[in-house]
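At position 175 of the sequence shown the residue is numbered 1018 (this note's numbering), and the sequence of numbers has no breaks. Take a look at the structure set out below.
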Amino acid sequence: MTAPFESGRTQDTLRLRIPAAARPELRRDFPPGLHAEPEPKLEPKPESSAAAPRKGGRDRYLDLLRALALVRVVLYHNFGWFWLPVVFPSMGVMFALAGSLMARSLSRPALGVIRGRLRRLLPPMWLFGAVMLTLEIADGWGPDAEGHPAWWWGKMLFWLLPLSTPPYAESLNGFDHLVGQGWAVQVIVPLWYLRAYLWYVLLSPLLLWALRRAPAVTLCAPLALSVVMNTVFADQEFVYSRVWETATDFTTFGACWILGMAHQEGLLKKIPQYVVPSVAPLIMVAGWWYLQTRPVDPTVRTDIESWPIAQALWSFGFVALLLHVSPSWDRWPRPLERWNGLISLLNARAVSVYLWHETALVAAIPLIDPLWSVGFFYEHFQWLLTSQWFPLIVAIPLTALLVLTFGWMEDVAAKRPPRLFPYPRRGRGRRRAGA
């Protein structure tokens, strides 16, 4: 069986995930304002206010969106289905959720909030980087790989503070061809999201200040910049630079981040109820029209991840509708109560799932390949060995194992007692979470 990096299907998917520094003409997929707020401790309230909604508690609706976005990301990176980012644009959703949480946190001094966000973001990344760099070096990567040892060491600083894409090897031996030669690209490219998230966090005080003074201009500015950058300057040489790569991320998803802040500030509730359902679909149609008019290979379905303008418009309209509907659940609706454990677990370990699931997908292939040599599987289960679902079935328990092994760092980063398995426990005598 051929490793996923060497198959045509995965090659098509991978091309969308290589950062602009390597393939500037393409866009990649990968989530999330992944940081869920910790469960706040509520002060006892008088009986007269017992029925009132909680203030400052968890919004289960946002938890559900975050969990769905994570699941969609995993599915996309296994199957590469072009329609998944259209049905549910995870990146726009996750940046909007992160923007909402950031706006709520900025009721405190900005410097302390930024420091706290960095503390929650960086330690899990450092642990991930320590493991991946060790594996890359063991597979033959080193300072001489690029011909500039001094620059190689300098770029390593981006593993400490990802203001730009951390370095990685584009082609390796694959541990004597046990995995694909581009395994490091597949595993490490998702760090583009952490880079974008870091810049949004650093710029959030300024964005919130501008939003409160000129809401419409602040919301539309990233979309306008995306159009200008990807039309007027699309053919310039500087589009290959790291600065352009970072600016493209900001303009593509900046409107979604600001939209989340506007939702938290209550600005969306101040406009007439019919405006968002009327305007948002038109914005999505504009993004879809732009996508369909792009010059592409007619034999290949156009992926919205390849075109920043289309992705920016579609994600913005989609997120606007989700936040307009936003029921702000204090407790789960009865049909969703049974999913409380899984959704809570995904939110508690969102960063770890995001960082490690690609490692599980890569590791699934050398575990599946030996089955071709087993006569029973070869004769009776070729349909399973060739199925796109089989790597996912193998990768799910591997992801769980990796999260169990490394996920505790999220607790340490958040200054919580480390837990191996943060699955919510049902209190004794309680039949339902919402009882």
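In this text, a Cβ means the ideal position worked out from N, Cα and C, and glycines have one as well.
Span of the alpha helix (DSSP H) around residue i
{"i": "D1092", "result": "1085 to 1108"}
{"i": "L1166", "result": "1151 to 1168"}
{"i": "L1021", "result": "Per DSSP, L1021 belongs to no alpha helix (DSSP H) and is neither H nor E."}
{"i": "M999", "result": "Element bounds for M999: n/a, residue is neither H nor E."}
{"i": "Y919", "result": "903 to 922"}
{"i": "S948", "result": "933 to 948"}
{"i": "Y1011", "result": "From DSSP, Y1011 is part of no alpha helix (DSSP H); its letter is neither H nor E."}
{"i": "Q1231", "result": "Where Q1231 is concerned, there is no enclosing alpha helix (DSSP H), given that its DSSP letter is neither H nor E."}
{"i": "L965", "result": "953 to 981"}
{"i": "R1056", "result": "1035 to 1056"}
{"i": "H1200", "result": "1193 to 1211"}
{"i": "Y1117", "result": "Neither: Y1117 is in no alpha helix (DSSP H) and is coded neither H nor E."}
{"i": "P928", "result": "927 to 930"}
{"i": "G1218", "result": "1218 to 1223"}
Among the options, the one whose alpha carbon lies nearest that of residue i
{"i": "T1061", "options": "Q1135, I1126, L1050", "result": "L1050"}
{"i": "L1037", "options": "N1073, W994, L1006, L976", "result": "L1006"}
{"i": "P1058", "options": "L1111, D906, V1071, T1074", "result": "L1111"}
{"i": "R1055", "options": "F1249, A1243, A946, D1173", "result": "A946"}
{"i": "Y1197", "options": "V1128, H1223, M934", "result": "M934"}
{"i": "P796", "options": "P1265, A1090, P1048, V1086", "result": "A question about residue 796 goes unanswered here, because the residues of the chain that appear run from 844 up to 1278."}
{"i": "H787", "options": "I1236, L1227, V1162", "result": "The shown model of the chain, from 844 to 1278, leaves out residue 787, and the question about it has no answer."}
{"i": "A1256", "options": "F938, P966, A939", "result": "P966"}
{"i": "S1069", "options": "Y919, F1096, F1224", "result": "F1096"}
{"i": "F1018", "options": "F1219, S1047, L978, R901", "result": "L978"}
{"i": "Q1231", "options": "G923, R901, V1168", "result": "G923"}
{"i": "Y1266", "options": "G955, N1183, P1178, W1002", "result": "N1183"}
{"i": "L964", "options": "G1250, R1268, W1226", "result": "G1250"}
{"i": "P932", "options": "Q1116, V974, Q1154, K1113", "result": "Q1154"}
{"i": "M975", "options": "V1032, R1177, P952, V1071", "result": "V1032"}
{"i": "A1123", "options": "A953, F1001, E1088, L1166", "result": "L1166"}
{"i": "P952", "options": "V1119, P1048, Y1117", "result": "P1048"}
{"i": "V1194", "options": "P928, F971, R1259, D902", "result": "F971"}
{"i": "Q1116", "options": "V1168, P1138, E1088", "result": "V1168"}
{"i": "L1004", "options": "L1045, I980, A1053", "result": "L1045"}
{"i": "R1268", "options": "L1185, H1223, G1218", "result": "L1185"}
Nearest-angstrom beta carbon gap, residue j and residue i [assumed within contact, 8 Å]
{"i": "G1130", "j": "W1157", "result": "4 Å"}
{"i": "W1150", "j": "L1134", "result": "6 Å"}
{"i": "W1035", "j": "T1008", "result": "6 Å"}
{"i": "A939", "j": "L1189", "result": "Between L1189 and A939 the Cβ distance is about 17 Å, and since that is not below 8 Å, they are no contact."}
{"i": "S1245", "j": "F1264", "result": "The sequence as given places Leu at residue 1245; Ser does not occur at that position. Actually they are not in contact, since the Cβ atoms of L1245 and F1264 sit about 13 Å apart, beyond 8 Å."}
{"i": "M1072", "j": "G942", "result": "About 21 Å; that fails the 8 Å criterion."}
{"i": "F1001", "j": "P992", "result": "No, F1001 and P992 are not in contact; Cβ-Cβ is about 16 Å, not under 8 Å."}
Cβ shell of residue i (< 8 Å), same chain only, five flanking positions each side left out
{"i": "F925", "result": "R1144, T1145, D1146, I1147"}
{"i": "C1063", "result": "A1098"}
{"i": "A988", "result": "W995, A1012"}
{"i": "F1220", "result": "L1214, L1227, L1228"}
{"i": "N1016", "result": "D982, G983, Q1024"}
Residues near residue i by beta carbon distance below 7 Å, same chain, minus five either side
{"i": "I1126", "result": "L1156, F1159, G1160"}
{"i": "P1240", "result": "none"}
{"i": "T1242", "result": "V1196, W1199, H1200, A1203"}
{"i": "S1014", "result": "Q1024, G1025"}
{"i": "L1235", "result": "N921"}
{"i": "V1022", "result": "A846, V1205, I1208, P1209"}
{"i": "P1261", "result": "W1251, D1254, V1255"}
{"i": "R1181", "result": "none"}
{"i": "V1237", "result": "A1207, L1210, I1211"}
{"i": "V917", "result": "H1200"}
{"i": "V956", "result": "S948, L949"}
6 Å Cβ shell around residue i - same chain, five flanking residues per side excluded
{"i": "S1187", "result": "P1267"}
Checklist entry - Is there contact between the segment 909 to 917 and the segment 1064 to 1078, where contact requires at least three CB pairs shorter than 8 Å? => result no
Checklist entry - Are the segment 984 to 1002 and the segment 1205 to 1215 touching, with three or more C-beta to C-beta distances below 8 Å? => result no
Next on the checklist: Measuring CB atoms only, is the segment 1029 to 1046 touching the segment 959 to 969, in the sense that at least three cross pairs come out at less than 8 Å?
Outcome noted: yes
Next on the checklist: Using a Cβ distance threshold of 8 Å, determine whether the segment 902 to 910 contacts the segment 1163 to 1180, with at least three qualifying pairs required.
Outcome noted: yes
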